[in-house]
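This report refers to the structure that appears directly beneath it.
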Amino acid sequence: MKKLFLILRIIIFLLIILLIFQPVKKVYNKRNIPSVALLIDNSLSMGNVSTREFEKVKSILKSQFIGNAMVSPHYFSFSSDIKELTEKDIQSLKIQGSKTDILGALEKTKTNFLGKNLDGIILFSDGNQNVEKDDFEILNELSNLKIPVLVVKIEQKDIQKNISISKIEIPEIIFRNTNAIINIKIHTFGFTNKNIPIYLKSGNNIIQTKTLNIQNDGMYELAFEITPDKAGVNNYSIETPTYQGEKSYSDNIKKFTLEVEPEKIRILYLCGQPSFNYSFLRTTLKNDPNIELVSFIILRNPENIVAVPDSELSLIPFPVDEIFSREIFNFDMLIFDNFNYSRFAINPQYLVNIRNFVIEYGKAFLIISGEIPLSIYQNTPISEILPVNPTNEISQDKFSLNILKPDNNILKFSDDNKENISILKNLPELDTINISTIKEKTTLLAESEKSKYPVITISDMGKGRVMCITTPSLWRLALGSENPYKYVKLWGQSIKWLTNSSSMKQVAIFTKKSYNIGDSSLVKIKVKDEYFKPVNNAVVNLIITKPDSKKETVNVPPEIENGEYGTKIPLELSGTYKLEVYAYYNRKYLGEDSISLSVFDISRESEDIMVNEPFLKQISDKTNGTLYSTNSFNYNELKIKPRITKSDVLYEINIWNKTFTYLILIILLCLEWYLRRKYGLL
Amino acid sequence: MITQIFKNDYTDLKNKLRRIRPFFLVVFLILTFNFLLLTCLYCQQGGKFVFSQLKYSDNWDTRPTAWDRISEYLLTTTSVKIIPGRRVLKLSDEILYWSPFIVIAGNTDHPDFTETEIQILKRYILCGGLIFIDDSSGKKGFGFDKNIRDVIRKISPENPLDKIPVSDAVFKSFYLLKNVPGRITTNRYIEGCKIGERYSIIYSQNDLLGAWEKDNLGNYIYPCSEQQRWETKKLMLNIILYSLTGTYKSDTIHKSFIQNKLQ
């Protein structure tokens with residue numbers, strides 16, 4: 251009897267243990283044939299080599315997949331988007347897509363097959379990915395999922411030898427005197443075992459040369475590192491020599507433009523004599539982190555007598571020739587503060603250079619008079635860029651400023667209009683004024699209150715901008731006020747207007763300005779406070795006005811702890827997109843900026859006529875696949891095996907889901923209790 | 023009858039006018055003098071250098087003729103344009119804000135500035151003014167030195183007085199100076215309070231103004247060696263140039279030139 255009780259208890263114990271661990275028996279679905287996604291690139295570029303190649307792809311599908319019992323195929327065609335096909339659709343499939351997004355097609359295939367069986371992807375393409383993608387993560391994901399991508403490139407047999415600069419990739423934001431990498435893609439055919447020089451040119455000048463060592467036909471990548479030293483629009487080109495017998499010579503050169511932002515505004519300040527005007531303006535400019543100041547003051551004139559040897563003086567020679575012939579063009583802004591050019595042996599051409607500096611080079615010129623009259627520039631090229639008609643008269647009376655354009659940004663000391671007008675009315679008095687009259691197309695911002703002589707005038711001159719201050723006593727705005735804020739603000743805003751500079755803006759938006767339809771614009775926004783310190787927790791609202799006039803507002807999140815914010819805008823329509831950004835910090839308005847983007851609808855499919863084999867190889871290599879050509883591909887020789895995955899469970903055997911198991915356990919427990927009671931063992 | 027009354031009134035009026043004529047004359051002369059003085063003080067300033075001196079107590083004018091000599095020298099030696107007359111002002115004067123360079127000279131105790139005056143001086147240096155203080159007492163830690171240091175501490179609590187290194191732009195704004203001269207050598211240094219990159223207060227205890235003082239016969243009043251006087255004059259001129267050019271001589275473009283000259 252004891253043995254019976256022991257057996258019963260062991261059975262009950264085992265049942266309880268099993269109840270706790272709940273073992274499951276899984277029965278897997280047995281698959282004998284692999285499930286394969288066939289991606290067929292039907293973009294227009296598939297016909298670049300020959301339409302016969304696309305027909306060849308179709309015949310491969312027909313002969314090797316349709317009706318093949320060794321594979322379970324899922325057909326998809328793709329260009330900018332992916333579309334599932336039936337076997338019947340394949341025969342009528344045509345090349346028609348205006349864009350190619352291979353990576354997007356792979357991404358969508360992965361998504362479509364989530365939770366389903368997929369043992370491999372076979373991609374038929376020319377590798378001409380022309381929808382901009384900077385994220386290749388999908389290839390790693392496919393590799394992790396153990397889904398190889400077998401790539402079948404179209405053949406490029408009958409092509410003539412050629413060198414083609416296929417693509418130039420430039421950074422979206424470039425600052426002056428900062429390194430920028432220019433990535434070049436060059437396709438070569440028929441130049442095996444040759445060294446070809448590649449030139450980076452600015453105009454006709456070769457800036458850098460690199461040698462391309464061609465081992466095989468195909469795509470090569472090169473990078474040039476440049477440091478632009480001029481802000482603004484800089485034109486460059488990548489060129490290779492042309493060789494006899496090339497299919498095309500026009501693709502041996504590709505031009506590109508860099509819009510270089512000044513990292514600091516470079517100002518050249520020439521002052522005729524030491525003065526409080528110089529001292530105040532210099533201190534203001536020096537304190538601005540956005541400005542790089544180089545200044546020269548004439549401390550001694552030829553008539554001054556110094557009874558010490560030159561070695562005991564800190565004076566340096568004024569490098570007239572160097573400044574006015576070469577150096578001037580490295581600056582964004584030139585200041586003449588009561589500077590009498592006629593006291594120096596200035597070549598007349600130098601005055602022409604100053605005029606050209608403004609009119610042709612689009613730079614800024616600020617001229618201050620009051621001690622030296624502007625009339626000294628009469629009948630010189632400089633008079634052409636003066637916003638006033640000067641006289642040699644200097645009035646030495648005190649005067650108040652009469653502000654004529656209180657709405658002008660240069661004179662905006664407060665965002666509140668009423669407050670601004672009140673500030674402008676209470677500006678401290680000034681004195682000494684060089685009498686002048688304004689020229690046509692000049693904006694007179696401020697005049698002397700009673701005498702009505704122009705004091706602050708601005709004007710656009712050719713490509714550049716000019717400002718004229720006819721008094722040397724503007725420093726009174728600092729010393730005559732409760733704080734120097736108005737003086738500093740006036741100059742900050744003046745320089746911002748003169749140089750039209752984004753680095754002087756508290757809120758500045760940066761992005762590439764021309765795109766093709768379907769691209770995304772990577773927008774970066776820099777936000778600074780009134781002291782030009784980066785603001786990290788600002789509310790940054792971006793208003794996007796699309797070509798169809800529809801508006802969309804996006805709250806742009808911060809990117810890094812440097813006052814930088816960023817977002818991506820899909821550009822789905824061709825035309826002009828207008829982006830306006832407004833930034834606030836603790837409900838305080840920090841500033842705004844705007845930019846326009848041009849989106850073109852250009853056929854990118856004919857841009858590159860070559861098969862991009864390196865790109866296709868990259869896809870196959872990264873996903874543990876193989877690269878084939880339409881001639882070498884034979885599915886029947888491939889050994890794609892169906893994989894059994896967790897999702898392949900046909901059914902599970904789980905006895906604890908059944909009432910029967912619990913009944914047995916209860917019956918056994920009851921039986922043991924009953925027997926013990928019967929035999930008096932309780 | 024009527025004619026007689028009129029005649030009497032006329033004679034009275036004439037007598038009255040005769041009596042008050044000197045008064046009108048004095049008033050006229052005072053007004054004219056004031057007008058001319060104000061014209062001289064206020065007008066023609068523009069960016070010109072004006073030597074302003076603070077009148078703070080009975081003993082504010084320890085070196086009354088120094089500016090006359092300095093101005094002559096400044097005009098012949100440099101391209102600086104100046105207002106010839108010395109501008110004497112009080113802290114309550116509005117003209118303070120037309121005077122970006124003020125001198126405080128002294129050699130004895132001086133009354134403490136009131137809280138309002140301290141605030142005025144604070145605002146003055148914040149808005150770009152430069153104060154040059156010249157102590158001619160030759161005493162450290164007493165009298166003028168002690169009082170003025172207390173005042174400076176109140177004016178510039180965040181940027182206290184510090185020794186100005188001889189490598190600073192103050193010592194090379196016009197002349198290249200390798201050490202700190204003075205009519206008397208109380209300190210081998212001058213001190214300053216720096217706001218931003220520029221000194222807004224410069225304090226010397228070496229009687230820099232005293233080196234310029236001459237009597238009516240053209241003799242120097244305060245003795246020192248000729249070399250010492252010459253070097254002191256150079257430093258005073260440098261301080262004035264510094265007030266007009268700031269840290270100009272510290273700019274990179276000057277560095278190699280100055281380095282070569284100093285070698």
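Chains as they are written, first to last, in the working numbering: chain A, 251 to 932; chain B, 23 to 285.
Even for Gly, the Cβ is constructed at its ideal location relative to N, Cα and C.
This structure is a prediction, so every number in the text was calculated from the model and none was measured.
- One alpha carbon belongs to Thr359(A), the other to His324(A), and they sit about 10 Å apart.
- Listed as beta-bridge partners of Ala696(A) by DSSP are Ile653(A) and Ile706(A).
- C-alpha of Ile671(A) to C-alpha of Lys505(A): approximately 50 Å in a straight line.
- Look at Asp156(B) here: in three-state DSSP terms it is strand.
- Interface with chain B (8 Å Cβ-Cβ cutoff): Val638(A) is excluded.
- If you check each beta-carbon in the stretch 683-706 of chain A against every beta-carbon of chain B, none falls closer than 7 Å.
- Put simply, of Val307(A), Asn463(A) and Ile673(A) the residue whose alpha carbon is nearest the alpha carbon of Leu727(A) is Ile673(A).
- Here the alpha carbons of Thr269(B) and Asp190(B) stand approximately 8 Å from one another.
- A buried status is given to Ile869(A), since no fewer than 16 other beta-carbon atoms sit within 10 Å of its beta-carbon.
- Flagged as an interface residue toward chain A: Phe279(B), by a C-beta distance shorter than 8 Å.
- Around the C-beta of Thr100(B), 16 or more other C-beta atoms lie within 10 Å, and the residue is accordingly described as buried.
- 8 Å or more divides the Cβ of Ser452(A) from the Cβ of Asp369(A).
- Going by DSSP, Ile845(A) is part of the beta strand (DSSP E) stretching over Lys838 to Phe850.
- Residues of chain B whose Cβ lies closer than 9 Å to the Cβ of Phe526(A) are, in chain order, Gln67, Gly68, Gly69, Lys70, Phe71, Val72, Pro122, Phe123, Gly150, Ser265 and Leu266.
- Shown here for Thr795(A): same chain residues with a beta carbon closer than 6 Å to its own, the five before and five after excluded, namely Lys801 and Lys828 in chain order.
- Straight-line measurement puts the Cα of Glu690(A) at about 21 Å from the Cα of Lys613(A).
- At a cut-off of 8 Å between beta-carbon atoms, Val102(B) makes contact with chain A.
- For Met860(A), no beta strand (DSSP E) run applies, since DSSP gives it neither H nor E.
- Using a CB distance cut-off of 8 Å, Glu621(A) counts as an interface residue toward chain B.
- The alpha carbon of Ala233(B) has as its nearest neighbour, out of Ile105(B), Glu219(B) and Arg251(B), the alpha carbon of Arg251(B).
- Residue pairing of Thr138(B) in beta bridges, as defined by DSSP: absent, with no partner found.
- Following the DSSP letters along the chain, one finds Asn597(A) in no beta strand (DSSP E), marked with neither H nor E.
- Among the bridge pairs identified by DSSP, Cys521(A) is matched with Ile547(A) and Asp587(A).
- With respect to chain A, the C-beta atom of Lys216(B) has no partner C-beta closer than 8 Å.
- In this structure, the straight-line span from the alpha carbon of Leu724(A) to that of Pro656(A) is close to 17 Å.
- At least one C-beta of chain A is nearer than 8 Å to the C-beta of Asp273(B).
- Taking each of Leu76(B), Leu97(B) and Phe73(B) in turn and checking the Cα distance to Ile555(A), the smallest one comes out for Leu97(B).
- Taking a cut-off of 8 Å for Cβ pairs, the stretch 435-443 of chain A and the stretch 518-532 of chain A do not touch, as fewer than three such pairs fall below it.
- A Cβ-Cβ contact shorter than 8 Å links Leu919(A) with Ile262(A).
- In the DSSP assignment, the residues bridged to Asn485(A) are Thr507(A).
- Sequence-ordered contacts of the stretch 487-515 of chain A with chain B are nonexistent [C-beta pairs closer than 9 Å].
- Look at Thr721(A): its C-beta is under 8 Å from a C-beta on chain B.
- In the DSSP assignment, Leu919(A) falls within the alpha helix (DSSP H) that extends over Thr909 to Lys928.
- Among the residues facing chain A, Ser226(B) is not included, as its CB has no counterpart in that chain under 8 Å away.
- Below the 7 Å Cβ cutoff, chain B contributes Lys283 as neighbours of Ser561(A), in chain order.
- Each of Glu94(B), Ser178(B) and Ile117(B) was checked against the Cα of Gly730(A), and the nearest Cα belongs to Ile117(B).
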